[in-house]
Amino acid sequence: MGRPPIAKQHLSIDEWLALEKSTGERYEYHLGEVFAMAGGTRAHSLISGNAFYALEENTRAKGLPCETHASDLKIEVSSKGHYVYPDMLVVCEEVKESDSVAGAITNPQLVIEVTSENSDSYDRGVKFRYYSRLPSVLEYLILDQTQMVATLYRRREKDALFVREDFEGLEATLELRSVELEVQLAVFYRQVEFAVQTEE
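Numbering-wise (our numbering), the sequence shown opens with residue 1 and increments by one.
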């Protein structure tokens with residue numbers, strides 16, 4: 001999630017946007033509470049870059065009308081006060097922007113988070129609940145930066161509920177139906193080195 005909320009509580013949306021402009025930093029907004037986004041690690045950068053490249057290459061190869069965006073774009077979960085920055089989002093239809101916050105996207109089909117030990121519970125808990133509220137979101141992919149493990153939440157057509165699938169290791173293959181991509185998990189983890197865990 002990032003660092004703790006700043007000293008002043010319950011900022012208005014206008015105050016939050018002014019804060020971002022004056023500091024040049026990204027802050028997620030939760031009903032007036034503002035949280036600075038923490039800086040990324042080398043592993044985070046590699047995984048994000050690999051995923052972005054794989055998605056863009058797939059889009060071009062298949063001629064899909066998709067836009068892939070990295071972590072500089074906000075998602076509007078609710079115009080009443082929930083705005084977050086995913087690590088990546090994909091829109092494969094006409095992009096819809098917020099009426100309240102310029103540039104905030106309201107209709108992603110695929111959302112990706114590269115999680116860490118500090119953000120894992122937030123990405124799997126609060127952010128999953130947020131993204132699942134958006135009717136446009138068909139899939140939510142969480143990539144672990146400490147091990148080659150991924151979790152995919154896919155919305156079912158029959159009842160709009162999400163089904164969870166877990167993937168692990170070099171041979172694992174996942175299907176992202178929202179962007180017509182079948183890919184080995186290892187593609188997202190190219191050049192990523194994991195810490196060796198020793199038994200005590």
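Idealized CB from N, CA, C, for every residue including glycine. None of these values were measured; they are calculated from a predicted model.
Suppose contacts are defined by Cβ-Cβ distances below 8 angstroms. Is residue i in contact with residue j by that definition?
i, j, result
"residue 47", "residue 86", "no"
"residue 88", "residue 68", "yes"
"residue 43", "residue 192", "yes"
"residue 137", "residue 108", "yes"
"residue 83", "residue 101", "yes"
"residue 185", "residue 195", "no"
"residue 104", "residue 188", "no"
"residue 179", "residue 110", "yes"
"residue 116", "residue 162", "no"
"residue 114", "residue 152", "no"
"residue 50", "residue 181", "no"
"residue 77", "residue 140", "no"
"residue 63", "residue 30", "no"
"residue 32", "residue 10", "yes"
"residue 119", "residue 99", "no"
"residue 93", "residue 106", "no"
"residue 41", "residue 147", "no"
"residue 66", "residue 90", "yes"
Going by DSSP, name the residue or residues bridged to residue i.
i, result
"residue 13", "For residue 13, which the question treats as bridged, DSSP gives no partner whatsoever."
"residue 111", "89 and 140"
"residue 203", "Any property of residue 203 remains undetermined from this structure, which presents the chain solely from 1 to 200."
"residue 20", "For residue 20, which the question treats as bridged, DSSP gives no partner whatsoever."
"residue 168", "149"
What is the residue span of the beta strand (DSSP E) that residue i lies within?
i, result
"residue 183", "181 to 184"
Can we count residue i as close to the ligand ADP, meaning its CB is less than 7 angstroms from some heavy atom?
i, result
"residue 136", "Looking at this structure, you won't find the ligand ADP or any other ligand, since it has none at all."
- Contiguous beta strand (DSSP E) assignments of at least 3 residues, all confined to the segment 119 to 166: 139 to 144 and 149 to 155
- Task: Run through the segment 23 to 106 for me and flag every whole beta strand (DSSP E) of 3 or more residues, listed as ranges in chain order.
- Result: 27 to 30, 33 to 36, 67 to 69, 75 to 78, 82 to 84 and 88 to 91
- Query: Touching or not, the segment 7 to 27 and the segment 151 to 169, by the rule of three or more beta carbon pairs under 8 angstroms?
  - Reply: no
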